[in-house]
Every structure is written in C-alpha cells, then in structure tokens.
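K.L.:
Residue numbers (our numbering): 25 to 361.
(1) Excluding the 5 residues preceding and the 5 following residue 37 in the sequence, name in chain order all residues of the same chain whose CB lies nearer than 6 Å to its CB.
(2) Give the secondary structure of residue 176 by DSSP, where H, G and I count as helix, E and B as strand, and everything else as coil.
(3) By a C-beta neighbour count over all protein chains shown, 10 Å radius and 16 as the cutoff for buried, is residue 179 buried or exposed?
(4) Identify the continuous beta strand (DSSP E) that holds residue 123 and give its terminal residues.
(5) Tell me which residues share the same chain as residue 54 and place their Cβ nearer than 6 Å to its Cβ, disregarding the 5 neighbours each side in the sequence.
(6) Tell me the rounded alpha-carbon separation between residue 184 and residue 165.
(7) Where does the unbroken alpha helix (DSSP H) through residue 46 begin, and where does it stop?
(8) Hey, how far is the Cα of residue 34 from the Cα of residue 42?
(9) Short check: CB of residue 117 to CB of residue 220, under 7 Å?
(10) Need the endpoints of the alpha helix (DSSP H) that residue 138 sits in, please.
(11) With burial defined as no fewer than 16 other Cβ atoms inside 10 Å of the residue's Cβ, what is the status of residue 173: buried or exposed?
(12) Going by beta-carbon coordinates alone, are residue 242 and residue 47 separated by less than 7 Å?
(13) Tell me, please, which residues DSSP counts as bridged to residue 146.
(14) With distances taken Cα to Cα, identify the nearest neighbour of residue 233 among 140, 52, 71 and 28.
(15) With distances taken between CB atoms, is the gap from residue 119 to residue 187 smaller than 7 Å?
(16) Could you have a look at residue 154 and say whether DSSP puts it in helix, strand or coil?
(17) Hey, is the stretch 87-96 in contact with the stretch 126-135, meaning 3+ C-beta pairs nearer than 8 Å?
(18) Apart from the five residues just before and just after residue 177, which ones in its own chain have a Cβ nearer than 7 Å to its Cβ?
(19) Kindly indicate which residue of 158, 81 and 224 has the alpha-carbon position closest to the one of residue 205.
(20) Starting from the C-beta of residue 228, find all residues in its chain whose C-beta is less than 7 Å away, skip the five residues before and the five after it, and write them out in chain order.
(21) Below 7 Å CB to CB, which residues in the same chain sit around residue 114 once its five sequence neighbours on both sides are set aside?
(22) Thinking C-alpha only, which one of 102, 45 and 195 is nearest residue 79?
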C-alpha cells in the first residue's frame, strides 16, 4: 500500500492556502487506492503544531560511522533523529507545504530539514548510496506577493531553491513544485487590483494538486474494461464472426492477367475461355506480329515548339531554336513571306 508523508509548516491554520493545497493532495492520494480496498496510508506531521527542536549537536549531521572521533550526542536527540529518518525512508511520496516567510522557509521546516539530511543515512556517502533516489517529492509553496518573471520580487524566493537542492540534487528525489501567489492581495493596497489573478492561480493549483495526488496514489482507472486474454483472439486473416480462415490473397497475381497463368482453353477452340490472350507480355503490351514493319521509337516523340506548320517535327524544334526552315525571320514565326 503506498504511503504518503505529509508535512505542514504554516502558522496560519485557518486560511492558509498551502495547508489547503496539501490537504487536497493528501485527500486525493488516500482515495486513489484500489477499488473495494483500503485507502492509501497518509502520515501527517504538523511542524508548526508540534515543532522540532533545533539540532543540538553538530555530530548528528553525520551517520554514526562518519561522526568525528570522540563525539557523543544526546541519546534522546539521536533517537528523535532516528524516528524522523525512518519516517522519511518508509514513505513512497513526500509532500511538503512551504509558505514563504521573509523570502525564506519557516524555521520549523528548516529544523526538520536539518534532522533528516544525514550523509550516510539519507544522502549519498562513502557508507551508502542514495536510498531516496527516484521517490517523488511535491513542494506546495504559497507566496504573498507577485514573484513572476519581470516583477520586482523575481528571484527573491529563497525557500524553494533550498528544498530543490537538498531533496533533489543531494538525495536524488524528483521534485515537483506547485506554486500559488498573491495570497495577501486582498489585504495589501498595492495589490488590490490583482485579487482576481490570485484566485485564478489558486484554482489552477488546486486542480493540479488533486491530479498529482491521484497519480501518486495510483488512482488512474481505465475507462474500458480489461481485455479478456483467456478467450481466443481473431487473427488478421480470420473472418470477423468466425468461420473458415480467409486465404491471404493480397498481392497474388490473378489468373489470366499479365504475369500470371492463362486460363485453360474452351472446349473445341484454341482461345481461352475468359481473360486476355495468353501471349500477352508481363508488361501488359501485346507483342508485334511477325510480318509487321511498324517500328516503335525508343523514346517518346518530342513536342513541337516553334510554331512550325509541317506535319513532321522540323529539325529546329529538336534543339528548341527560335526559327526553323518552315518560317520567315522577317514576318514572324509561323507566317510565310
């Protein structure tokens, strides 16, 4: 059964859009389980309601085999880190709500990041590879202002790049970012004219997270019933409704045609019963009779081009000259002097 680790870090529990979007994703993920079966597992951790302590010892940043000699971290802090790492490693999908606070991420989310980014446990090192490589991570970020390209706040989002760097490049997780902006447009006079745009961005983000949740939970159901492979399937040469197989005659020559076998002669005559003469060549042309003096030109006749009135092509027409012996150069082509 797929498991989702759902993290929230917004301080606004009532009107937070990041919380609303992550809740929609988690709901779609849970309902995307198999038909007539239990829902998918969702593990929810509210980092604001139950904040984590900051990392008390620098040696906890490393796995036990990579810690400096003589380091002895607090056993309670080490046990908390072990539970957080096990919670992350046991999830198939990671969902993180990232509100933008002072152009950065909340301190509660930063504390969780410090606990789980451990080389040798979750990040590649000399002791281990990348255990989280290939597991999807979805970041749902909400911004109070306008951070689009070309605005004053372009590039001032310092929360999303940090998570993309640690989760994506360090841990090898494919990261998907769903962003919505202008969440404070209704309360800021300078953004009063962009309230409708903020609502549209939120509606688009809501549709996107629901679709991503269904995909992550494996809830894309087939509209057609599955094909019954136990029954014999008709071949391309069979009739649609059964019966004897139809012979494959496509491309085979017909009797009596050019290149094929002529039909047998009718009784009492030397002519074939039906079809063309047996002496027809494979090219479809009848060969000339033995006493014929007709000669065929090896190349097609050229068109006459000069306006010559002779019945045969004039010599000048062969080379497409402007004049020929049958015309006068003074009175113009095709006229006699």
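The beta-carbon is built from N, C-alpha and C at its ideal position, and this holds for glycine as well.
P.N.:
Based on what the coordinates show:
(1) As a working note, residue 37 is residue 13 in the chain shown. Correct list: empty, nothing qualifies.
(2) The residue labelled residue 176 in the question sits at position 152 within the chain shown. Correct three-state label for residue 176: coil.
(3) For the purposes of this step, residue 179 is taken as the residue at position 155 of the chain shown. Its Cβ having fewer than 16 others within 10 Å, residue 179 is exposed.
(4) Here residue 123 refers to the residue found at position 99 when the chain shown is read from its first residue. Segment 117-123, the beta strand (DSSP E) holding residue 123.
(5) On the chain shown, position 30 is the one that residue 54 refers to. 63, 64 and 66, listed in sequence order.
(6) Working through the chain shown from its first residue, we reach residue 184 at position 160. Working through the chain shown from its first residue, we reach residue 165 at position 141. Taking the straight line from one Cα to the other gives about 8 Å.
(7) Here residue 46 refers to the residue found at position 22 when the chain shown is read from its first residue. Per DSSP, residue 46 belongs to the alpha helix (DSSP H) from 41-55.
(8) The count along the chain shown starts at 1 and reaches residue 34 at position 10. The count along the chain shown starts at 1 and reaches residue 42 at position 18. Those two C-alpha atoms are separated by around 7 Å.
(9) Mapped onto the chain shown, residue 117 falls at position 93. Mapped onto the chain shown, residue 220 falls at position 196. No, Cβ-Cβ distance for residue 117 and residue 220 is not below 7 Å.
(10) By 1-based counting over the chain shown, the position of residue 138 is 114. First-last of the alpha helix (DSSP H) with residue 138: 131-140.
(11) Working through the chain shown from its first residue, we reach residue 173 at position 149. With fewer than 16 Cβ atoms within 10 Å of its Cβ, residue 173 is classed as exposed.
(12) The residue labelled residue 242 in the question sits at position 218 within the chain shown. The residue labelled residue 47 in the question sits at position 23 within the chain shown. Cβ distance not < 7 Å, so residue 242 and residue 47 don't count as in contact.
(13) Walking along the chain shown from the start, residue 146 turns up at place 122. Answer by DSSP bridge pairing: none, since residue 146 is not bridged.
(14) The residue labelled residue 233 in the question sits at position 209 within the chain shown. For residue 233, the nearest C-alpha among the options comes from 52.
(15) For this step, residue 119 is matched to residue 95 along the chain shown. For this step, residue 187 is matched to residue 163 along the chain shown. No.
(16) The sequence position of residue 154 within the chain shown is 130, counting from 1. Residue state, collapsed to three classes: coil.
(17) no
(18) Counted from its first residue, the chain shown places residue 177 at position 153. Same-chain partners within the cutoff: 169, 170 and 171.
(19) Residue mapping note: residue 205 aligns to position 181 of the chain shown, counting from 1. For the residues 158, 81 and 224, the minimum Cα distance to residue 205 belongs to 224.
(20) In the chain shown, counting from the first residue as 1, residue 228 sits at position 204. Here the set comprises nothing.
(21) The count along the chain shown starts at 1 and reaches residue 114 at position 90. Taken in chain order, the residues that qualify are 27.
(22) Position 55 of the chain shown, counted from the start, is the residue given in the question as residue 79. When each option's Cα is compared against that of residue 79, the closest is 102.
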